[in-house]
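With the first letter of the sequence shown counted as 1, position 20 gets the number 109 in my numbering; the numbers rise by one all the way through.
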Amino acid sequence: MLTKEIFVDIHVRFAQGQSLRKIASELGISRNTVKHHLQQQTMPTYAKRSQQPTKLSPL
Numbered sequence: 090m091l092t093k094e095i096f097v098d099i100h101v102r103f104a105q106g107q108s109l110r111k112i113a114s115e116l117g118i119s120r121n122t123v124k125h126h127l128q129q130q131t132m133p134t135y136a137k138r139s140q141q142p143t144k145l146s147p148l
């Protein structure tokens, strides 16, 4: 999961003229991840999953 700080950092570094490869290596993430998040204009939202009942719940 990508934090807001990293998402903003990717966009700032790219606007400053850094290459995808350099951004990825400095942040420790994949070039494809950098490319994917540069294509998005907004921070991705992650929906919370509903908890499924366990086998021991009825007890």
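Note that CB positions come from ideal geometry on N, CA and C, so glycine has one too.
| said: Here's a check: name, in chain order, each residue in its chain whose Cβ is nearer than 8 Å to the Cβ of residue 119, leaving out the five neighbours to either side. | reply: As a working mapping, residue 119 is identified with position 30 in the sequence shown. Excluding residues within five positions, the ones whose Cβ falls inside 8 Å are 113.
| request: For the segment 95-113 and the segment 121-135, state whether three or more C-beta atom pairs, one from each stretch, are separated by less than 8 Å. | output: In this structure the segment 95-113 touches the segment 121-135; the number of beta carbon pairs closer than 8 Å is three or more.
| task | Spatial neighbours of residue 103 within its chain, please: CB distance less than 7 Å, with the 5 preceding and 5 following residues excluded, ordered by chain position. | result | Looking up residue 103 in the sequence shown gives position 14. Annotation for residue 103: 112 and 127 place their beta carbon closer than 7 Å to its own, counting only its chain and skipping 5 residues before and after.
| request: Compare the beta carbon distance of residue 145 and residue 122 with 9 Å and say whether it is the shorter of the two. | output: Here residue 145 refers to the residue found at position 56 when the sequence shown is read from its first residue. Here residue 122 refers to the residue found at position 33 when the sequence shown is read from its first residue. Contact flag unset, no.
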